[in-house]
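Colleague: Handing you a structure now.
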Amino acid sequence: MKALSLAALVFGAVLVQSALSRSGMGDLVLVAVVAVGLLQGRVAGLLTGTAAGLLQDALGGGMIGLSGLGKSVAGYLAGVAGTQFIVTQWMSRGSLFLGASALNSACFVGLSMLLGLRRYASPLREIATQAVVNAAAGVLLFYAIEALPVARERWNAVLDRRRKRRYH
Amino acid sequence: MARADAGTRARSLLVAVVLGHVLLVSAQVATPAGPSLLRTTAVAVVTEFQEASWVVAGAVQSIWEGYAALRGAHAESARLTGENADLRVQLQQARAEAAAAGQLRALLELSPRLPWRTTGAEVVAGSLSPDYRTITIDKGLRDGVLRDMPVMSAAGVLGRVALPAGDTATVQLIIDRSAAVAVRTERTRSEGIALGNGDDTLRLEYLSATADLAEGDTVVTAGIDGVYPAGLAVGRVERVERSGTAYRRVTVRPFADFSRLETVLVLIGPAPVWVPPPAAPAGKVDR
């Protein structure tokens with residue numbers, strides 16, 4: 006059941022990414038992988054990262070394994086950080102997403118350059134830009150995840166009040 | 136104890152996964168074969184879902200646009216846009232032929248330039264990662280779309296078919312970091328290679344030191360890379376940086392707007408040459 010939910014989450018992130026990514030900025034799939042690692046642990050992060058990266062490579066037309074490597078390691082390390090540190094403040098979460106994204110981009114850019122597949126005018130700027138965008142997306146995602154139960158409770162409270170008014 | 140075992144298992148799994156990726160990448164470097172079965176199958180399966188999500192995203196966008204527009208006017212606009220796209224492609228062909236004819240008129244060994252057969256396709260998905268600049272179109276092998284066929288919009292060249300599947304195809308955009316197009320400037324015929332920057336620009340490289348380039352120059356395909364026919368509009372030179380006499384960095388802004396792609400044209404080959412019908416034999420009359 007847990008595996009199915011994780012697969013659905015990654016697949017959903019892939020679909021949202023492909024439907025919305027017209028500017029070529031931000032990697033929602035990586036954000037989802039790091040979130041899984043943080044919430045479910047290192048093995049879940051590792052396997053989710055592997056599956057998501059391979060899917061991106063297969064569908065993106067690039068070399069298979071290029072995105073998978075960085076995402077697997079990022080998912081694993083996010084899981085390790087989630088168990089070793091208290092990652093609840095937006096600063097710590099942002100730093101984690103920043104680090105994971107930088108690692109993922111560094112793996113992709115480094116391997117691409119090493120194998121002569123792509124040329125980057127300024128690889129460091131590329132890595133930094135992606136990291137900042139993904140960190141912002143990750144922090145927002147966690148706010149949304151945490152806000153959902155609160156919003157549901159409030160909505161239920163509103164519905165209860167309406168019901169009570171009707172009966173009285 | 137159990138916790139230590141779990142930690143060891145997780146670390147072993149990480150090493151195995153990393154090793155697996157390295158082996159996978161190494162295998163592909165050693166044998167750069169065509170699209171694998173894994174990839175073709177993945178494309179075929181996922182594209183169906185991508186198409187659905189793209190439709191949903193498009194529907195949301197359409198509702199937003201339809202807020203201000205009349206439905207009839209929208210349909211008419213879509214028809215006219217398609218017609219305009221065809222006409223602009225024809226115009227590009229004509230311009231390319233006229234420019235080439237002017238230079239080559241003196242040479243009698245002029246090779247005939249044939250117009251292209253095109254098929255229209257709709258964009259059903261964008262790229263799955265910021266590292267790849269690709270789109271997925273709703274035409275594939277069953278529609279005669281093959282690998283390396285050029286894809287363009289009314290404004291200019293978009294890219295080439297990178298991965299055709301049954302009913303869809305992944306198109307690598309010219310702004311992708313691993314994309315390259317042989318180009319020349321329309322004004323001075325200076326040739327170079329346009330490489331994708333990953334954002335919405337290209338950079339010109341492999342230029343001759345004596346090349347004459349200026350900001351605002353129109354860049355068209357040179358037709359020598361085996362993918363793109365000559366004369367297709369690519370973009371305009373946006374910025375020229377020099378160091379001494381050499382070009383340090385030349386940035387080209389593509390004509391196509393890659394953030395708003397909906398309908399594209401795939402050049403599926405040269406149009407069949409028109410052959411006049413054989414003359415009727417003397418004495419025979421058609422009834």
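Going down the list, the protein sequences come from chains A and B.
As numbered in our numbering, residues 6 to 173 make up the first sequence, in order.
As numbered in our numbering, residues 136 to 422 make up the second sequence, in order.
Even glycine gets a Cβ: it sits at the ideal position worked out from N, Cα and C.
Note that the coordinates shown come from a computational prediction; the quantities given were computed from them, not determined experimentally.
When the cut-off is 8 Å and only beta carbons count, does B/G294 lie next to chain A?
Modeller: For the purposes of this step, residue 294 of chain B is identified with residue 159 of the second sequence, where counting begins at 1. Chain A, which has no Cβ nearer than 8 Å to the Cβ of B/G294, makes this no.
Colleague: Would you mind stating whether B/V369 and B/V316 have Cβ atoms separated by less than 8 Å?
Modeller: Taking the first residue of the second sequence as position 1, residue 369 of chain B is located at position 234. Taking the first residue of the second sequence as position 1, residue 316 of chain B is located at position 181. In contact: B/V369 and B/V316 (Cβ atoms closer than 8 Å).
Colleague: Return the bridge partner residues of B/A297 from the DSSP annotation.
Modeller: Counting from 1 along the second sequence, the entry for residue 297 of chain B is found at position 162. Per DSSP, none; premise fails for B/A297.
Colleague: DSSP state of B/R319, grouped into three classes?
Modeller: For the purposes of this step, residue 319 of chain B is identified with residue 184 of the second sequence, where counting begins at 1. In the structure shown, B/R319 sits in a strand (DSSP, three-state: E or B).
Colleague: What first and last residue would you give for the beta strand (DSSP E) that runs through B/T305?
Modeller: Position 170 of the second sequence, counted from the start, is the residue given in the question as residue 305 of chain B. Per DSSP, B/T305 belongs to the beta strand (DSSP E) from 304-308.
Colleague: In this structure, what does DSSP give as the bridge partners for B/V362?
Modeller: By one-based count along the second sequence, residue 362 of chain B stands at place 227. DSSP, once it has assigned bridges, lists no residue as partnering B/V362.
Colleague: Taking the straight line between their C-alpha atoms, what separation do you get for B/T323 and B/G366?
Modeller: Residue numbering aside, residue 323 of chain B sits at position 188 when the second sequence is read from its first letter. Residue numbering aside, residue 366 of chain B sits at position 231 when the second sequence is read from its first letter. So the alpha carbons of these two residues sit roughly 14 Å apart.
Colleague: Just curious, the beta strand (DSSP E) that B/P389 is in, first and last residue?
Modeller: Your numbering for residue 389 of chain B matches position 254 in the second sequence. Looking at the DSSP string, the run of the beta strand (DSSP E) that includes B/P389 is 381-389.
Colleague: Taking DSSP's pairing of strands, which residues face B/V150 in a bridge?
Modeller: Counting from one through the second sequence, the residue named residue 150 of chain B turns up at place 15. Answer is none; B/V150 lacks a bridge partner.
Colleague: So, does the CB of B/Q196 fall closer than 8 Å to a CB anywhere in chain A?
Modeller: In the second sequence, residue 196 of chain B corresponds to position 61, counting from 1. Chain A contact via Cβ: absent.
Colleague: Between A/V19 and chain B, is there a C-beta pair that is closer than 8 Å?
Modeller: Within the first sequence, the letter at position 14 stands for residue 19 of chain A. A/V19 counts as touching chain B.
Colleague: According to DSSP, is B/S264 part of a helix, a strand, or is it coil?
Modeller: On the second sequence, residue 264 of chain B is found 129 positions in, with the first residue counted as 1. Note: B/S264 maps to coil in three-state DSSP.
Colleague: Give me the subset of the segment 46-70 of chain A whose CB atoms are less than 9 Å from a CB atom of chain B, sorted by chain position.
Modeller: Residues passing the 9 Å Cβ filter: G46, R47, V48, L51, L52, G54, T55, G58, L59, L60, Q61, D62, A63, L64, G65, G66, G67, M68, I69, G70.
Colleague: Any idea which residues DSSP pairs A/V92 with across the strands?
Modeller: On the first sequence, residue 92 of chain A is found 87 positions in, with the first residue counted as 1. Beta-bridge pairing links A/V92 to no other residue.
Colleague: Cβ closer than 9 Å: which chain B residues qualify as neighbours of A/R123?
Modeller: In the first sequence, the residue the question calls residue 123 of chain A occupies position 118. Result: D266, D311, R312, S313, G331, G333.
Colleague: Just to confirm before moving on: does the CB-CB distance between B/V385 and B/R338 stay below 8 Å?
Modeller: Taking the first residue of the second sequence as position 1, residue 385 of chain B is located at position 250. Taking the first residue of the second sequence as position 1, residue 338 of chain B is located at position 203. For B/V385 and B/R338, yes; Cβs fall inside 8 Å.
Colleague: Helix, strand or coil for A/G67 per DSSP?
Modeller: Here residue 67 of chain A refers to the residue found at position 62 of the first sequence. Of the three classes helix, strand and coil, the one that applies to A/G67 here is coil, per DSSP.
Colleague: Write down the C-beta distance between A/T53 and A/V41 rounded to the nearest angstrom, noting that I regard them as a contact closer than 8 Å.
Modeller: Locating residue 53 of chain A in the first sequence gives position 48, counting from the first residue. Locating residue 41 of chain A in the first sequence gives position 36, counting from the first residue. At roughly 5 Å, the Cβ-Cβ gap stays under 8 Å, so A/T53 and A/V41 are in contact.
Colleague: Quick one: is B/T345 buried, meaning 16 or more other Cβ sit within 10 Å of its Cβ, or exposed?
Modeller: Residue 345 of chain B sits at position 210 when you count from the first residue of the second sequence. Per the 10 Å Cβ criterion, exposed.
Colleague: Which word fits A/S106, buried or exposed, when buried means at least 16 other C-beta atoms lie within 10 angstroms of its C-beta?
Modeller: Along the first sequence, one-based indexing puts residue 106 of chain A at 101. Under this definition A/S106 is a buried residue.
Colleague: What does A/G31 reach in chain B if we use C-beta pairs closer than 8 Å?
Modeller: For the purposes of this step, residue 31 of chain A is taken as residue 26 along the first sequence, with counting starting at 1. The contacting residues are P265.
Colleague: Measuring alpha carbon to alpha carbon, tell me which residue in A/A141, A/R130, A/M68 is nearest A/L103.
Modeller: Start at 1 with the first residue of the first sequence, and residue 103 of chain A comes out as number 98. Out of A/A141, A/R130, A/M68, A/A141 has the C-alpha closest to the C-alpha of A/L103.
Colleague: Rounded to the nearest angstrom, what separates B/A357 and B/G275 at their Cα positions?
Modeller: Counting from 1 along the second sequence, the entry for residue 357 of chain B is found at position 222. Counting from 1 along the second sequence, the entry for residue 275 of chain B is found at position 140. For B/A357 and B/G275, the distance between alpha carbons rounds to 26 Å.
Colleague: When you compare the CB of A/F113 with every CB in chain B, is at least one pair closer than 8 Å?
Modeller: Along the first sequence, one-based indexing puts residue 113 of chain A at 108. Closer than 8 Å to some Cβ of chain B, the Cβ of A/F113 qualifies, so yes.
Colleague: Can you grab the Cα-Cα spacing for the pair A/L14 / A/A133, in whole Å?
Modeller: The residue given as residue 14 of chain A occupies position 9 in the first sequence. The residue given as residue 133 of chain A occupies position 128 in the first sequence. In a straight line, the C-alpha of A/L14 is about 26 Å away from that of A/A133.
Colleague: Ends of the beta strand (DSSP E) at B/T356?
Modeller: Position 221 of the second sequence, counted from the first residue, corresponds to residue 356 of chain B. Its beta strand (DSSP E) spans residues 353-356.
Colleague: Answer with buried or exposed for A/M68, where buried requires no fewer than 16 other C-beta atoms within 10 angstroms of its C-beta.
Modeller: In the first sequence, residue 68 of chain A corresponds to position 63, counting from 1. It is buried - the Cβ of A/M68 has at least 16 other Cβ atoms within 10 Å.
Colleague: Beta-carbon within less than 8 Å of B/T336's beta-carbon, same chain only, minus the 5 sequence neighbours each way: which residues are those?
Modeller: Along the second sequence, one-based indexing puts residue 336 of chain B at 201. Same-chain partners within the cutoff: I310, E373, T386, V387, R388, P389.
Colleague: Can you grab the Cα-Cα spacing for the pair B/E244 / B/S325, in whole Å?
Modeller: For this step, residue 244 of chain B is matched to residue 109 along the second sequence. For this step, residue 325 of chain B is matched to residue 190 along the second sequence. For B/E244, the predicted model reports a pLDDT of 38, less than 50, meaning its position is unreliable and no value from the coordinates is stated.
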